[in-house]
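Reviewing the structure listed below.
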Amino acid sequence: MKTAQIVSVCIGILFIPSLAFGQANQTQSQMNENRLKESGETKFLLSGYGFTGFEKKGDESTFGPLGFSPIFLWKKTDRLFFEAELEAEIEDGEFDIGLEYASIYYRLNDFLIVGAGKFLTPFGIFSERLHPAWINKMAEKPLGFSSETGMVGPMTSLGAQARGGAPLGNTKINYSFYIANGPGLLTDGDEAGKLDFNNLGDNNLNKALGGRIGFLPFSNSSLEIGASGQFAKVGDRESPYKKIGAAMYAGDLSYIWHAKSIKSVLDLKGQYNYLHVERTDYSDLRGNSYSFDNNSSAYFLQVSLRPVNVDSDILKNVELTGRYSRLKTPEGSEWHRKQKQTTLGINYWLSWSSVVKVNYAIEDIEGSDSENGFFIQFALGF
Amino acid sequence: MKTGNLIIVIFTATVLVLILFVNSCAPSAEVSGKPGAQLWAENCQRCHNTPPPLVYDDKQWDAVVTHMQIRANITQEEADKIVAFLQESN
Chain A
15 MKTAQIVSVC
25 IGILFIPSLA
35 FGQANQTQSQ
45 MNENRLKESG
55 ETKFLLSGYG
65 FTGFEKKGDE
75 STFGPLGFSP
85 IFLWKKTDRL
95 FFEAELEAEI
105 EDGEFDIGLE
115 YASIYYRLND
125 FLIVGAGKFL
135 TPFGIFSERL
145 HPAWINKMAE
155 KPLGFSSETG
165 MVGPMTSLGA
175 QARGGAPLGN
185 TKINYSFYIA
195 NGPGLLTDGD
205 EAGKLDFNNL
215 GDNNLNKALG
225 GRIGFLPFSN
235 SSLEIGASGQ
245 FAKVGDRESP
255 YKKIGAAMYA
265 GDLSYIWHAK
275 SIKSVLDLKG
285 QYNYLHVERT
295 DYSDLRGNSY
305 SFDNNSSAYF
315 LQVSLRPVNV
325 DSDILKNVEL
335 TGRYSRLKTP
345 EGSEWHRKQK
355 QTTLGINYWL
365 SWSSVVKVNY
375 AIEDIEGSDS
385 ENGFFIQFAL
395 GF
Chain E
501 MKTGNLIIVI
511 FTATVLVLIL
521 FVNSCAPSAE
531 VSGKPGAQLW
541 AENCQRCHNT
551 PPPLVYDDKQ
561 WDAVVTHMQI
571 RANITQEEAD
581 KIVAFLQESN
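Chains as they are written, first to last, in the working numbering: chain A, 15 to 396; chain E, 501 to 590.
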């Protein structure tokens, strides 16, 4: 059986449990029907966020980057939902606009939502939940989690997904599984061996399969740990690289602690990404063949502390932040990089979704002059 | 069986088992008794500051919470209670 056929069968099978258990949840379904009767009017919201700032790295300084990301939410019925985000940005003196995501979702039952389109990939938590400028505690994204430093894992994907969450006694479990076009393998020039995650038109017949499982062990949802994986053939269909596969894994952590003794909230976030591409030969710019162990990794650990329960109106809006981030790309490749970054910052919250961030980043790049950076960013969610 | 097909079979089996498992899950009495206000506070802060109820109207809250339900995989029961709380409080 061909891979594509197996995938089709698998997707079909995927919906059987939801239909079967829809019968078992008759009482809940009746409640849902009641909700459905009450709805029927389109519920629309134009939301989103914007940001701007100033940065100084080494002996260069500039205003920017500047970003504007309107988010469109339509809830058509109680079960049918559409969301889309446009992303307009000025960075390094260039204007760029793109479709960050656009997906249609249908809630099959209380435990299963299916969707299709371009979506933030549920691979770890940074891309789906933490990357918007007004949520990200720092002015910059962690090493390995942005196109500027090179992605070690997908940010968005074009495909379909099934996801949901459920209580389990005092704990909760959630899942997100997807099938998508997946990344493509770059094989030429100084980026040979790197994965292109903006592979919107599939470069082969194979589809990427991936997902994340999250577990919240405490009844107050303060701790969530997650594990993610994605598997795909990445070479072009008609190329010698067509059988080359890539596997990537991620582990993530989120913890919120109300430290009553210091009247503060401590927020801990972290994610580790590992990416492996099967070994193969590439040609350098002079036509010589070479190969390397194609393994990359990136991680960050971030902590923030905000004294939200103190009496001072000024102090309760101050947040101290710190993040350690590390990126390692394959030795022997033209794009080998070993870099670590420590960022310290102070945020001041003007409202629940508006923040001014002041960051200082200490960078260490192996074999290269390191440039520490100073950043000011004003981010506003609306 | 080829490695690629094996991955697909294992992946699909995992998805099916998990969905079957999730469909049979139930909350404890402590969790099911939580009011919407508590769930609103506990779930929003997992990623960002907790938004005040007054920032959106009833229809907007319905759309926003669905958006958040998908993004953070919060349960349907939690989403329903949070929407009800926000619509009562705005």
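Built from N, CA and C at the ideal position, the CB exists for glycine as well.
Would DSSP call residue i helix, strand or coil?
i	result
N323 of chain A	coil
R93 of chain A	coil
T512 of chain E	helix
Q576 of chain E	helix
S160 of chain A	coil
I507 of chain E	helix
I187 of chain A	strand
E377 of chain A	strand
A38 of chain A	Caution applies to A38 of chain A, whose pLDDT of 44 falls short of 50 and renders its modelled position unreliable; the value that the coordinates give is listed next. It is helical.
R546 of chain E	coil
W540 of chain E	helix
E333 of chain A	strand
G179 of chain A	strand
R226 of chain A	strand
S75 of chain A	strand
A584 of chain E	helix
G346 of chain A	coil
Q210 of chain A	Residue identity differs from the one stated: residue 210 of chain A is Asp in this sequence, not Gln. DSSP places D210 of chain A in strand when its eight states are reduced to three.
Between residue i and chain E, is any beta-carbon pair separated by less than 9 angstroms?
i	result
I239 of chain A	no
S326 of chain A	no
G395 of chain A	yes
Y362 of chain A	no
K186 of chain A	yes
P181 of chain A	yes
F68 of chain A	no
A273 of chain A	no
L319 of chain A	no
D281 of chain A	yes
G178 of chain A	yes
N234 of chain A	yes
Q40 of chain A	Note on Q40 of chain A: pLDDT 44, under 50, position unreliable in the model; no value is reported.
I13 of chain A	For residue 13 of chain A there is no data in the structure shown, the boundaries of chain A being 15 and 396.
Y119 of chain A	yes
L144 of chain A	yes
F191 of chain A	yes
W349 of chain A	no
E397 of chain A	Since the first residue of chain A shown is 15 and the last is 396, residue 397 of chain A is not available in this structure.
E97 of chain A	yes
L425 of chain A	The shown model of chain A, from 15 to 396, leaves out residue 425 of chain A, and the question about it has no answer.
F58 of chain A	yes
L199 of chain A	no
F159 of chain A	no
Identify which residue in the options has its Cα closest to the Cα of residue i.
i	options	result
R251 of chain A	A:L122, A:G228, A:N218 and A:S339	A:N218
A529 of chain E	A:T185, A:S117 and A:V370	A:T185
I507 of chain E	A:Y374, A:G387, A:N212 and A:G259	A:G259
T514 of chain E	A:S83, A:G301 and A:G225	A:G225
S403 of chain A	A:A174, A:E348, A:L334 and A:D307	Because chain A here runs from 15 to 396, residue 403 of chain A falls outside it and cannot be looked at.
L315 of chain A	A:L214, A:M152 and A:S161	A:M152
M149 of chain A	A:E162, A:T335 and A:D378	Before going on, a small fix: residue 149 of chain A reads as Ile here, not Met. For the residues A:E162, A:T335 and A:D378, the minimum Cα distance to I149 of chain A belongs to A:T335.
K89 of chain A	E:H567, E:A579, E:T512 and E:E578	E:H567
R121 of chain A	E:Q576, E:R546, E:E542 and E:L554	E:Q576
L87 of chain A	E:K559, E:L586 and E:D580	E:K559
Y341 of chain A	A:T356, A:T76 and A:Y63	With the sequence shown as reference, residue 341 of chain A is identified as Leu, and Tyr is not the correct amino acid for it. Comparing Cα-Cα distances from L341 of chain A to each of A:T356, A:T76 and A:Y63, the minimum goes to A:T356.
A130 of chain A	A:E162, A:E97, A:H145 and A:H272	A:E97
V128 of chain A	A:E114, A:E162 and A:R177	A:R177
L113 of chain A	A:S83, A:S235 and A:M165	A:S83
V555 of chain E	A:S61, A:S75 and A:T76	A:S61
E380 of chain A	A:L364, A:V370, A:N361 and A:K352	A:K352
I104 of chain A	A:D92, A:R93 and A:G78	A:G78
P231 of chain A	A:G243, A:H350 and A:G183	A:G183
Assuming residue i contacts residue j under a Cβ cut-off of 8 angstroms, what Cβ separation, rounded to an integer in Å, is found between them?
i	j	result
Y522 of chain E	F125 of chain A	It is worth fixing the name first, because residue 522 of chain E is Val in this sequence and not Tyr. That pair is a contact at about 5 angstroms.
L267 of chain A	V317 of chain A	Contact doesn't hold; Cβ gap of about 11 angstroms is too wide.
G395 of chain A	N373 of chain A	Their Cβ separation, rounded to whole angstroms, is 19 angstroms, which puts G395 of chain A and N373 of chain A out of contact at 8 angstroms.
P553 of chain E	L586 of chain E	5 angstroms
G173 of chain A	A194 of chain A	3 angstroms
W561 of chain E	N590 of chain E	7 angstroms
I'd like to know whether the C-beta of residue i is nearer than 9 angstroms to at least one C-beta of chain A.
i	result
E578 of chain E	yes
K581 of chain E	no
N590 of chain E	no
P553 of chain E	no
A537 of chain E	no
F585 of chain E	no
R571 of chain E	yes
Should residue i be listed as close to the ligand GDP, given that the test is whether its C-beta is under 8 angstroms from any heavy atom?
i	result
Y120 of chain A	Looking at this structure, you won't find the ligand GDP or any other ligand, since it has none at all.
ask   = At what residue ranges does the segment 233 to 311 of chain A contain a whole run of the beta strand (DSSP E), taking only runs of 3 or more?
value = DSSP runs (the beta strand (DSSP E)) wholly in the segment 233 to 311 of chain A: 237 to 247, 259 to 273 and 278 to 291.
Length-filtered (3 minimum) beta strand (DSSP E) runs lying within the segment 87 to 139 of chain A = Complete beta strand (DSSP E) runs here, min 3: 94 to 105, 108 to 123 and 126 to 134.
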